[in-house]
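Colleague: Protein chains in written order, with full-length UniProt numbering: chain A, 1 to 333; chain B, 1 to 333.
Please see the structure below; I have some questions.
There are 2 protein chains.
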Amino acid sequence: MYGVGAMGSIIARMLTERGAEIVGAVGRSTIGKPLSEVTGIPNVTVTIEGDIEEVVQRTRPDLVVMTTASYMEDVKEGVLACLKHGANVISLAEENLYSWHTSPEDTAEIDAVAKEHGVTYTCSGHQDGYWVQLVATLMGTAHHIDEVRGRASWNVEDFGPELARDQQVGDTLEEFAEWLRGAERPPTFGRPTLHAVAAASGLTVVESSTATEPVLATEDTYCKALEMTVPAGKVLGFTDIDTVRTAEGPVLVLEMTGKVYVEGQADSNAWELKGEPDLDLENQVLPTHLTTCATLVNRVPQVLNAEPGYVSVAELPPLRFQPGNIADHLTAR
Amino acid sequence: MYGVGAMGSIIARMLTERGAEIVGAVGRSTIGKPLSEVTGIPNVTVTIEGDIEEVVQRTRPDLVVMTTASYMEDVKEGVLACLKHGANVISLAEENLYSWHTSPEDTAEIDAVAKEHGVTYTCSGHQDGYWVQLVATLMGTAHHIDEVRGRASWNVEDFGPELARDQQVGDTLEEFAEWLRGAERPPTFGRPTLHAVAAASGLTVVESSTATEPVLATEDTYCKALEMTVPAGKVLGFTDIDTVRTAEGPVLVLEMTGKVYVEGQADSNAWELKGEPDLDLENQVLPTHLTTCATLVNRVPQVLNAEPGYVSVAELPPLRFQPGNIADHLTAR
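And the structure:
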């Protein structure tokens with residue numbers, strides 16, 4: 001376990017329930033503590049350490065589950081350290097869901113090192129199931145596709161004051177526009193997600209763009225995270241609109257909104273397809289933390305069975321429930 | 001094209017739009033007519049004939065698209081005739097979505113003949129996309145599954161007076177109960193569908209059962225198909241509830257309702273998963289005729305690429321949009 005925070009702890013528990021043995025754990029603020037104490041899982045005797053390369057070299061795991069960061073630049077060094085010591089790696093790093101377009105050189109380097117050492121690197125999570133596989137499957141019931149448009153949202157209140165400030169909650173429209181002009185924001189998660197949808201569907205990406213639109217309060221709205229009331233007309237958050245154009249014609253769009261929810265609003269995942277025929281898909285129940293962890297765990301046997309290299313979820317077999325123990329699903333590679 | 005009715009005509013048009021050449025057509029009531037006249041597709045010069053074996057033997061197609069019937073007993077002879085002359089077959093026969101449990105001997109015979117002649121037999125359609133692949137993908141985001149329950153419906157009004165009478169529209173509850181006790185009904189389509197979900201998810205079927213419940217009118221309801229008003233308390237149709245139990249634990253249920261719709265009701269496809277975590281999935285837009293045809297057409301390259309035998313949709317690669325020409329997606333087999 002490389003990363004033992006909220007996600008790492010849930011994944012560790014699910015993995016042990018599927019018969020996996022945890023042979024090592026690497027953390028940051030919890031170094032020296034027993035993994036059982038930090039994760040709440042009984043029957044693991046591992047103590048959390050600090051140096052991933054040392055732990056992988058000593059424990060020789062089949063798989064490293066990495067839950068430390070979201071972007072290629074923040075995970076690359078750790079991924080390479082694991083791969084070089086013969087460990088497969090599966091991570092939640094959102095960019096790595098499909099990073100051939102956003103970080104082509106680093107992705108190629110990971111791919112080469114993984115192949116050299118006969119192991120794989122894959123990223124999965126909620127995106128894999130709800131924004132890639134369900135959508136690509138829906139597309140498989142269409143004859144012609146003009147556009148596929150997804151709408152997802154998250155509640156600023158769930159992530160504390162820092163993220164609320166990042167979402168510009170409370171800004172005037174003018175302040176928001178000025179911030180947006182000068183903002184050095186990290187890349188959206190929507191872009192690699194749509195790149196994965198394109199790859200899964202045999203579509204060739206020719207252009208990717210992102211637009212950002214503020215969401216304004218239509219009435220005075222209290223923000224718990226910032227302990228303030230956002231007056232009507234001021235910013236509740238914003239929507240990133242990622243658009244990917246393909247050589248074959250279909251346009252893929254994902255609108256991702258992070259804002260202060262008002263009474264009755266909830267996380268959403270809704271997709272519309274325009275083409276022959278028009279289609280749609282919606283999930284009302286979205287326990288994102290658990291679907292993130294369960295999806296990654298269901299990918300584990302497929303990742304261990306895959307040909308070496310950087311293996312995106314666009315190339316894996318269909319996402320499927322893997323009943324029983326992980327070991328029962330392994331084929332000789 | 002083996003069958004040139006409503007579905008066969010749409011599929012023929014979609015196939016030609018994907019670069020396929022139609023080399024023969026077999027029908028029943030339209031023998032002797034030009035395929036272009038019956039289907040409305042331009043640029044096909046084929047005339048509809050009556051003997052599938054003769055047409056396959058003469059034209060040597062890569063693939064026969066079969067849209068003639070729903071049950072193994074009604075399609076088996078034609079399927080075998082095609083396979084024996086070296087043609088792959090893809091059909092809409094609902095039972096054959098997964099017929100290893102409902103018709104094991106016939107399925108084994110088809111499997112053996114297909115293997116002997118190096119070709120495949122597969123069934124696809126709306127069920128493949130909406131009742132198998134989307135559902136099995138959703139299951140792939142769960143860690144533990146107690147039950148998966150689908151609810152689908154169709155409107156008796158869409159299928160004329162004969163089917164309305166089959167659905168017992170206008171019966172009293174007593175008449176319905178008496179009919180049900182003595183009814184010799186064909187097997188449900190829900191059962192092979194759930195068998196396909198189980199197979200796709202690595203689950204072992206241990207028991208399959210079907211229950212049938214009447215749907216009663218809560219107010220006087222006019223039935224156009226029968227040109228009569230169904231009084232409150234009498235039957236508007238019924239629900240077949242298929243239940244499949246698996247050795248691994250998950251129970252799969254599909255509730256399929258065919259009834260006279262009242263104002264505001266529409267076809268539905270909604271699935272709920274109980275487990276860790278609870279999940280759901282819904283499609284509001286259901287142009288079933290078009291999704292049936294488009295899904296089958298998207299399966300064509302996968303079926304042509306598959307290893308010989310009876311190949312169910314549980315064994316095929318992920319259902320995906322296949323952009324461009326079918327020929328571009330073919331691998332040497």
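Glycine included, C-beta positions come from ideal geometry on N, C-alpha and C.
Quantities reported herein were computed from a predicted structural model and do not represent experimental measurements.
1. Quick check on ARG181/A: buried or exposed, where buried means 16 or more other Cβ atoms within 10 Å of its Cβ?
2. Please determine whether the Cβ atom of SER153/B lies at a distance below 7 Å from any heavy atom of the ligand HEM.
3. Taking 8 Å as the cut-off, decide whether the C-beta atoms of ALA294/A and ALA142/B are in contact.
4. Can you tell me whether ARG185/B is buried or exposed, with buried defined as 16 or more other CB within 10 angstroms of its CB?
5. For ALA294/B, go through chain A and note every residue whose CB falls closer than 8 Å to its CB, in chain order.
6. Beta-carbon of ASP106/B versus every beta-carbon of chain A: anything under 8 Å?
7. Return the chain-ordered ranges of every alpha helix (DSSP H) run that is complete within the UniProt domain "Dihydrodipicolinate reductase N-terminal" (3–90) of chain A and spans a minimum of 4 residues.
8. To the nearest angstrom, report how far apart GLY202/B and LYS234/B are at their CA atoms.
9. Considering only the alpha carbon of each residue, which of ASN43/A, LYS76/A, PRO231/A lies closest to ILE52/A?
10. Step through the CB atoms of chain B and report whether any lies within less than 8 Å of the CB of GLY258/A.
11. Which bits of chain A does LEU19/B rub up against, with CB to CB less than 7 Å?
12. Between the Cα of SER9/A and the Cα atoms of LEU279/A, LEU281/A, GLY237/A, ILE41/A, which residue gives the shortest distance?
13. Under a three-way DSSP split, which group does THR218/B fall into?
14. With a 10 Å radius around its C-beta and 16 neighbouring C-beta atoms as the bar for buried, classify SER209/B as buried or exposed.
15. For GLU219/B, does the count of other Cβ atoms within 10 angstroms reach 16, so buried, or fall short, so exposed?
16. Determine the DSSP secondary structure at TYR98/B, reduced to helix, strand or coil.
17. In three-state DSSP terms, what is TYR130/A?
18. Please state whether DSSP places THR243/A in a helix, a strand or coil.
19. Three or more C-beta pairs under 8 Å: does that hold for the stretch 185–198 of chain A against the stretch 239–258 of chain A?
20. What does LEU203/B touch in chain A if you count any residue whose Cβ is under 9 Å from its own?
21. If contact is defined by three or more beta carbon pairs under 8 Å, each pair taking one atom from either stretch, is the stretch 311–330 of chain A in contact with the stretch 16–23 of chain B?
22. Do you know how far the Cα of SER124/B is from the Cα of ARG299/B?
23. DSSP state of HIS289/B, grouped into three classes?
24. Using 8 Å as the threshold, is the C-beta distance between HIS289/A and MET7/A below it?
25. Is it buried or exposed for SER91/A, if we count other Cβ within 10 angstroms and need 16 for buried?
26. Does the Cβ of LYS224/B have 16 or more other Cβ atoms within 10 Å, making it buried, or fewer, making it exposed?
27. Is ARG191/A closer than 8 Å to THR102/A when the C-beta atoms are compared?
28. Would you kindly check if the distance between the Cβ of VAL156/B and the Cβ of VAL260/B is under 8 Å?
29. Under DSSP, the alpha helix (DSSP H) around ALA270/B begins and ends at which residues?
30. Is there contact between the stretch 59–71 of chain A and the stretch 30–39 of chain A, where contact requires at least three CB pairs shorter than 8 Å?
31. Taking Cβ to Cβ, would you say THR137/A is nearer than 8 Å to VAL313/A?
32. Residues in the stretch 39–57 of chain A with C-beta within 9 Å of chain B's C-beta atoms, listed in sequence order?
33. What residue range is occupied by the uninterrupted alpha helix (DSSP H) comprising HIS117/B?
34. Should PRO323/B go down as buried or exposed, given a rule of 16 or more other Cβ atoms within 10 Å for buried?
35. Could you tell me if ILE241/B is buried or exposed, where buried requires 16 or more neighbouring beta carbons within 10 angstroms of its beta carbon?
36. How many whole angstroms separate the CB atoms of VAL262/A and THR221/A, which I take to be in contact at a CB cut-off of 8 Å?
Modeller: Walking through what the data contain:
1. Under this definition ARG181/A is an exposed residue.
2. No copy of the ligand HEM appears in this structure; indeed no ligand is present at all.
3. At a Cβ-Cβ threshold of 8 Å, ALA294/A and ALA142/B count as neighbours.
4. Burial call: exposed.
5. Within chain A, the residues near ALA294/B are THR141, ALA142, HIS143, GLU276, PRO277.
6. No, ASP106/B lies away from the interface with chain A (no Cβ there is under 8 Å from its Cβ).
7. For the UniProt domain "Dihydrodipicolinate reductase N-terminal" (3–90) of chain A, whole alpha helix (DSSP H) runs of length 4 or above, ordered along the chain, are 6–17, 35–39, 52–59, 72–84.
8. Roughly 42 Å between the two C-alpha positions.
9. When each option's Cα is compared against that of ILE52/A, the closest is LYS76/A.
10. By this cut-off, GLY258/A is not an interface position.
11. Going by the sequence as given, residue 19/B is Gly instead of Leu. Correct list: empty, because the minimum Cβ distance to chain A is about 13 Å.
12. Checking every option, the nearest Cα to that of SER9/A belongs to ILE41/A.
13. In the structure shown, THR218/B sits in coil (DSSP, three-state: anything other than H, G, I, E or B).
14. With fewer than 16 other Cβ atoms within 10 Å, it is exposed.
15. With fewer than 16 other Cβ atoms within 10 Å, it is exposed.
16. Of the three classes helix, strand and coil, the one that applies to TYR98/B here is coil, per DSSP.
17. Here TYR130/A sits in helix by DSSP.
18. In the three-state reduction of the DSSP assignment, THR243/A falls in the strand class, which pools E and B.
19. Contact between the stretch 185–198 of chain A and the stretch 239–258 of chain A is present, because at least three Cβ pairs lie under 8 Å.
20. Against chain A, the beta carbon of LEU203/B has neighbours under 9 Å at PHE321, PRO323, listed in chain order.
21. Counting C-beta pairs closer than 8 Å gives fewer than three between the stretch 16–23 of chain B and the stretch 311–330 of chain A, which falls short of the contact rule.
22. So the two alpha carbons sit approximately 7 Å from each other.
23. HIS289/B falls in the helix class under three-state DSSP.
24. Yes. Within cutoff.
25. Residue burial is scored here from C-beta neighbours: SER91/A has at least 16 other C-beta atoms within 10 angstroms and is therefore classed as buried.
26. Using a 10 angstroms sphere on the CB of LYS224/B, the tally of other CB atoms stays under 16, which defines it as exposed.
27. Note that the C-beta distance between THR102/A and ARG191/A is below 8 Å.
28. The beta carbons of VAL260/B and VAL156/B sit closer together than 8 Å.
29. Segment 269–276 is the beta strand (DSSP E) holding ALA270/B; no alpha helix (DSSP H) there.
30. With a cut-off of 8 Å, the stretch 30–39 of chain A and the stretch 59–71 of chain A do not count as touching, because too few Cβ pairs lie within range.
31. It is not a contact, given that the beta carbons lie outside the stated cut-off.
32. For the stretch 39–57 of chain A, the beta-carbon criterion of a distance under 9 Å to any beta-carbon of chain B is satisfied by none of its residues.
33. Per DSSP, HIS117/B belongs to the alpha helix (DSSP H) from 104–117.
34. PRO323/B comes out buried.
35. Its Cβ being crowded by 16 or more others within 10 Å, ILE241/B is buried.
36. Contact flag correct, Cβ pair sits at about 6 Å.
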